[in-house]
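Beneath this line is the structure, given in structure tokens, with notes to follow.
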Amino acid sequence: MAEIPLSLGEKTFILHGVDADFRNDGRKRCEYRSLEIETNLMQQTHGSSRLRIGNTDVLVGVKVEIDTPYVDRPHEGKLEFFVDCSANATPEFEGKGGDDLATEISNILSLAYQSPDAFDLKTLCILPHKKCWKMFVDILILQCGGNLFDAVGTAVKAALYNTEIPRVTAATLDGGEADIQLSDDPFDCIKLDVTNYPIIVTLCKIGENCIVDPTLEEEMCSPASTIISVMPNGNITSIVKTGYGSMQDTTLIKMLEMGKIIALKLNDALMDGLKKETELGPTRPIVGFLR
Numbered sequence: 001m002a003e004i005p006l007s008l009g010e011k012t013f014i015l016h017g018v019d020a021d022f023r024n025d026g027r028k029r030c031e032y033r034s035l036e037i038e039t040n041l042m043q044q045t046h047g048s049s050r051l052r053i054g055n056t057d058v059l060v061g062v063k064v065e066i067d068t069p070y071v072d073r074p075h076e077g078k079l080e081f082f083v084d085c086s087a088n089a090t091p092e093f094e095g096k097g098g099d100d101l102a103t104e105i106s107n108i109l110s111l112a113y114q115s116p117d118a119f120d121l122k123t124l125c126i127l128p129h130k131k132c133w134k135m136f137v138d139i140l141i142l143q144c145g146g147n148l149f150d151a152v153g154t155a156v157k158a159a160l161y162n163t164e165i166p167r168v169t170a171a172t173l174d175g176g177e178a179d180i181q182l183s184d185d186p187f188d189c190i191k192l193d194v195t196n197y198p199i200i201v202t203l204c205k206i207g208e209n210c211i212v213d214p215t216l217e218e219e220m221c222s223p224a225s226t227i228i229s230v231m232p233n234g235n236i237t238s239i240v241k242t243g244y245g246s247m248q249d250t251t252l253i254k255m256l257e258m259g260k261i262i263a264l265k266l267n268d269a270l271m272d273g274l275k276k277e278t279e280l281g282p283t284r285p286i287v288g289f290l291r
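Shown next as structure tokens:
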């Protein structure tokens, strides 16, 4: 995670602001900043999105290819996450500086989507034991300005919402070989059902309180954070603690309760925004990297 030096006075100011439920940017402890999100930015992918929140900027691309299912899971497809921390995001990511953070983000995404209730890999199966779709979700961290895990999780769900998988017909030939035929119509695609896909929410412990959507300065004041992934029905698919600090069980329970409320609100706002964007159709102006 990117770090910035803070003086003792700056940390004290942030701590007192959180105690008073008045953060240094004017928000309350449980208040989220507005998100800027746009999908279908990269035509060479099957789905894409870009999300900006504060000074954090994330780009996600989804690609699919036909592969062979695992022997022990012949009726399931494959889902892989790959994260690249651009050196432009912070000088700390130069060389292999961002590898640990990239691995941590990938692991958190894998945990969030590991439940069949959250993402059913059987929907990626083409022909049991023979062929399946292998989905690659590539995340590029363009700028790191705090609350990175939430930004990545939300951008991934938006990109999957935008993903279109080519329609195929499959059959097993007499010799046991799989016969796969792609549709001649390039617009004949299948959309993913993202209804149960989780939302990731980070809760930072600062003093005796916890906050959501932390800025980079607030993250520097937090000894411990809890990252949870919540499905739209309120079920939690994963809980990950980060940081060197400890917390009491009552604090953890309080974090989980707040995280579920925030995740459900964030999911509703995200889905409303994506549906409105879809309703605009091909006439929607694509801003991309113009701003």
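UniProt numbering applies: residue 1 is where the sequence shown begins, and numbers increase by one. Backbone N, C-alpha and C define an ideal beta-carbon position, used for all residues, glycine too.
If you reduce the DSSP assignment to three classes, tell me which class residue i lands in.
i: asparagine 40; result: coil
i: aspartate 19; result: helix
i: aspartate 100; result: helix
i: phenylalanine 13; result: helix
i: isoleucine 180; result: strand
i: isoleucine 4; result: coil
i: alanine 118; result: coil
i: threonine 195; result: coil
i: isoleucine 108; result: helix
i: threonine 172; result: strand
i: proline 91; result: helix
i: proline 74; result: coil
i: proline 282; result: helix
i: proline 186; result: coil
Quick one, are the C-beta atoms of residue i and residue j less than 8 angstroms apart?
i: proline 223; j: glycine 243; result: yes
i: isoleucine 139; j: valine 83; result: yes
i: glycine 77; j: leucine 121; result: yes
i: leucine 79; j: tyrosine 113; result: yes
i: lysine 191; j: glutamate 164; result: yes
i: proline 116; j: histidine 75; result: no
i: lysine 11; j: cysteine 221; result: yes
i: valine 71; j: methionine 135; result: no
i: aspartate 19; j: lysine 28; result: no
i: isoleucine 236; j: threonine 226; result: no
i: isoleucine 126; j: alanine 171; result: no
i: valine 212; j: isoleucine 262; result: yes
i: leucine 264; j: proline 285; result: no
i: asparagine 147; j: threonine 202; result: yes
i: proline 166; j: cysteine 189; result: yes
Note the first and the last residue of the continuous beta strand (DSSP E) segment covering residue i.
i: asparagine 209; result: 209-212
i: valine 58; result: 56-67
i: phenylalanine 149; result: That residue, phenylalanine 149, is in no beta strand (DSSP E); its alpha helix (DSSP H) goes 148-162.
i: residue 302; result: A query on residue 302 cannot be resolved here, the shown segment of the chain reaching from 1 to 291 and no further.
i: methionine 135; result: 131-143
i: leucine 216; result: First-last for leucine 216: 216-220, but that is the alpha helix (DSSP H), not the beta strand (DSSP E).
i: valine 230; result: 224-230
i: valine 240; result: 236-242
i: glycine 47; result: 47-53
i: glutamate 200; result: Just to set this straight, residue 200 is isoleucine in the shown sequence, not glutamate. From DSSP, the beta strand (DSSP E) with isoleucine 200 extends over 199-206.
i: cysteine 125; result: 125-127
Could you round the C-beta distance between residue i and residue j to whole angstroms and report it? I think they count as a contact, below 8 angstroms.
i: glycine 273; j: isoleucine 37; result: 6 angstroms
i: phenylalanine 81; j: valine 168; result: Not really, about 24 angstroms apart at Cβ, beyond 8 angstroms.
i: alanine 118; j: tyrosine 197; result: 6 angstroms
i: threonine 39; j: alanine 159; result: 7 angstroms
i: glutamine 181; j: asparagine 55; result: Rounded, the Cβ-Cβ distance is 47 angstroms, inconsistent with contact.
i: threonine 154; j: leucine 280; result: About 20 angstroms; that fails the 8 angstroms criterion.
i: isoleucine 199; j: asparagine 267; result: 5 angstroms
i: leucine 6; j: glutamate 217; result: 6 angstroms
i: alanine 89; j: isoleucine 141; result: 5 angstroms
i: cysteine 30; j: methionine 258; result: 6 angstroms
Go to residue i, then tell me how far its alpha helix (DSSP H) extends in each direction, as first and last residue.
i: methionine 255; result: 249-279
Any heavy atom of the ligand MG within a distance shorter than 7 angstroms of the CB on residue i?
i: isoleucine 199; result: Absence of the ligand MG from the depicted structure is noted, as is the absence of any ligand whatsoever, leaving it without description.
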